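Chains as they are written, first to last, in this note's numbering: chain A, 2 to 266; chain B, 4 to 504.
All remarks here apply to the structure that follows.
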């Protein structure tokens, strides 16, 4: 795979370099990008959305994703809350930078599958603090990287700290982020923290990837915390829990189709 | 009252425009603070990064917010504490425990008419609360086998407004239609016949077409038209008993439809403020012959294409009757003519835009007082822009054109023009992590609304998981048609509460 998966929902693989201490920021990000993440993955996800009054809303969904050559396909079925039950979201994520992703959403209230414009990914995913851009792939070549810190500690592990900035305003607009700082663990090339400056906003989003677990050789965070802050004030936060993660299952291509999107789980 | 209506409409537009201006200001602030303007970008980034070589100050700005073991740790600890607290306090909300497969919703729909004049003593009073409808909808889904599903959906509602209205001013038929309703909605059995074929039998809703607001090929299911612009989207299409066979191969799907239940849209009853005439119309004749449809749908990278053909009854009835020497045609029934519809639809995506189009050729149209068949060509072109963060703007224009038109069709009772244009615009903007939604939907009938127009402006708020409250205003504007004149005083405020479980 040539693209850097932002790792919100994706896999976290081990890829230790014998000369890790000498890597540049570009080389580190390339290795993050190059990690194997399995041919396919099935997982249950729960998002807890918390506003500044500590009121919580819960979203539950089931995600299936598979590689299709250089491309990838994913389908998400929403289970909770009741008013979005059976809503489905199908994405064909193309490796070719010149092609926009294909996205369709099945809306049970309309009994209709709608094509969705996929180029602008800056919108909130289901009201969470994750943008659609956090769920799909980035082009590594769209960003400039610089190593900010050779050594930092995150939960007791050594990590590089890398500054990342889109090369042009178009990428900032599409992803919704003006710049980022990323913490990459040295022993497994897993992104364990990210701090994203929201484009056209004074807000900053903090992402933390917690409780890494290794499944069939692939590292996954059991929990991802996302906080949106205005100054020191936490405006909103989201806890994403990934459960029952299964890799390399026998998945039919028909699972990633509009037919299945409308049939539901 | 007109001034008030215009005021509300422009307030909606002002809110929208204000949002855009506010975003522009935020951009300036962002550029100022972070130095991201194109001219200064590189310099600012270099400055930012250079700062890391001289320990702390700039670095801390970038790294701050997580655990930061340096001299600014007090402030950063505060931020960190927030993480810890949120983690420990988060628990999944308890939801209503229901038997597997059972779900539904309950709520109330309220409408308040404020623009109606005081009626004559013998006429119904259309002022005040026109709807206080409580409802309960239950769905049950049971998987007989992994590929066979049984689904049933029923809804019961009772309108309490008629407890407070002068019931004697309404006919029994009217009260039966509006006061209490029990509806068997989608109820079907579906199964897969092999890996590429699906069969579905029962009461169903099947949507054709790509257009969202003004589709001309979505001809299979009738719609509820009793309160134009105010029907919940879940209830707007009415299911009919049909058999569907779907065959899938590659990027294509062939959809065969046989409609066994001939059912027409729900129209306003005589006595309603939305009724078409001063006098009660004749009874409706319901034909019995089966309807058919076939669709071929293709889904490709960046675009979709569909072809449709159907033999269905015209949902819009026409008055028919016997010829009287002195009176001419005396209408004694409403009939529905058989139509042959052939059409195509496409949608394509380009950046943040989706462009949609539909064309349909309709044969077999008939009008009151005319013995010959007419044909009509229908077109829809629309676009949706989703480059607005958490917002979307879409518009559609439909144009219908009757061939071999005769000028007398423009007279009553047909009031039919050869060329009819309808425009629809919808705007939605979400706030507060999609808990609050501002939405506007506007229709213009005729060129520049010459035949009337309507606007619905509303707010929806997700109070909690599954609990939604909303409200707004619905405005009707008079045009050059008798129906738009008739309903122009039906402006109303509305409010809804819905709990889904």
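Virtual Cβ for every residue (Gly too), placed ideally from N, Cα, C.
None of the values given here were measured: they were computed from a predicted structure.
Counting only beta-carbon atoms, is residue i nearer than 8 Å to chain B?
i	result
residue 251 of chain A	no
residue 86 of chain A	yes
residue 75 of chain A	no
residue 160 of chain A	no
residue 113 of chain A	yes
residue 260 of chain A	yes
residue 83 of chain A	yes
residue 69 of chain A	no
residue 256 of chain A	no
residue 103 of chain A	yes
residue 213 of chain A	no
residue 241 of chain A	no
residue 248 of chain A	no
residue 58 of chain A	yes
residue 100 of chain A	yes
Given a cut-off of 8 Å, decide if residue j and residue i are closer than it, judged by their beta-carbon atoms.
i	j	result
residue 44 of chain A	residue 250 of chain A	no
residue 101 of chain A	residue 94 of chain A	no
residue 486 of chain B	residue 110 of chain B	no
residue 96 of chain A	residue 71 of chain A	yes
residue 368 of chain B	residue 340 of chain B	yes
residue 457 of chain B	residue 479 of chain B	yes
residue 311 of chain B	residue 360 of chain B	no
residue 209 of chain A	residue 229 of chain A	no
residue 483 of chain B	residue 471 of chain B	no
residue 48 of chain A	residue 127 of chain A	yes
residue 234 of chain B	residue 245 of chain B	no
residue 477 of chain B	residue 232 of chain B	yes
residue 146 of chain A	residue 30 of chain A	yes
residue 401 of chain B	residue 219 of chain B	yes
residue 419 of chain B	residue 370 of chain B	yes
residue 237 of chain A	residue 52 of chain A	yes
residue 125 of chain A	residue 393 of chain B	yes
residue 447 of chain B	residue 426 of chain B	yes
Leaving out five residues before and five after residue i in sequence, what residues of the same chain have Cβ atoms less than 6 Å from its Cβ?
i	result
residue 180 of chain A	166 and 198
residue 380 of chain B	364 and 404
residue 159 of chain B	139 and 185
residue 58 of chain A	50
residue 225 of chain B	241, 266, 267, 268 and 318
residue 129 of chain B	116, 119 and 276
residue 186 of chain A	158, 160 and 193
residue 441 of chain B	432 and 462
Taking CB distances under 8 Å as the criterion, tell me whether residue i reaches chain A.
i	result
residue 468 of chain B	yes
residue 80 of chain B	The predicted model places residue 80 of chain B with a pLDDT of 41, which falls under 50 and marks its position as unreliable, so this point remains unresolved.
residue 505 of chain B	In this structure chain B extends from 4 to 504, so residue 505 of chain B is not present and cannot be described.
residue 504 of chain B	yes
residue 160 of chain B	no
residue 256 of chain B	yes
residue 102 of chain B	no
residue 304 of chain B	yes
residue 75 of chain B	Residue placement at residue 75 of chain B cannot be trusted, given a pLDDT of 42 that sits under 50; what the coordinates show is reported in the next sentence. By this cut-off, residue 75 of chain B is not an interface position.
residue 156 of chain B	no
residue 149 of chain B	no
residue 251 of chain B	yes
residue 393 of chain B	yes
residue 106 of chain B	yes
residue 390 of chain B	yes
Identify, in the order they occur along the chain, each residue of the same chain with its Cβ nearer than 7 Å to the Cβ of residue i, setting aside the five sequence neighbours on each side.
i	result
residue 196 of chain A	181, 182, 205 and 207
residue 469 of chain B	502, 503 and 504
residue 325 of chain B	333 and 335
With respect to 7 Å, is the separation between the Cβ of residue i and the closest non-hydrogen atom of the ligand ZN below this value?
i	result
residue 178 of chain B	The model on display carries no ligand, and the ligand ZN is accordingly not part of it.
Ordered along the chain, which non-local residues of its own chain (more than five positions away) have a Cβ less than 8 Å from that of residue i?
i	result
residue 57 of chain B	Note that residue 57 of chain B scores a pLDDT of 34, beneath 50, so its modelled location is shaky; the value from the coordinates is reported in the next line. Correct list: empty, nothing qualifies.
Stretch pair the segment 480 to 497 of chain B + the segment 101 to 110 of chain B: three plus CB contacts closer than 8 Å: no
The segment 108 to 140 of chain A: positions lying closer than 8 Å to chain B by Cβ: 110, 111, 112, 113, 115, 116, 117, 118, 119, 120, 121, 123, 124, 125, 127, 128, 129 and 130
Contact residues within the segment 424 to 447 of chain B, judged by C-beta distance below 9 Å to chain A: 433, 435, 436, 437 and 438
Sufficient close CB pairs (3 or more, under 8 Å) joining the segment 173 to 184 of chain B to the segment 202 to 213 of chain B: no
Where the segment 198 to 212 of chain B meets chain A: residues whose CB sits under 8 Å from a CB there: 198, 201, 208, 209 and 210
Stretch-stretch touch, CB-based, cutoff 8 Å, three pairs: the segment 404 to 414 of chain B with the segment 371 to 391 of chain B: yes
Near-chain A residues of the segment 341 to 370 of chain B (beta-carbon distance less than 9 Å), N- to C-terminal order: 350, 351, 352, 353, 354, 355, 356, 357 and 359
Within 7 Å of chain A by C-beta, residues of the segment 261 to 274 of chain B in sequence order: Under the 7 Å Cβ criterion, the segment 261 to 274 of chain B contributes no residue.
The segment 225 to 244 of chain B: positions lying closer than 8 Å to chain A by Cβ: 236, 237 and 240
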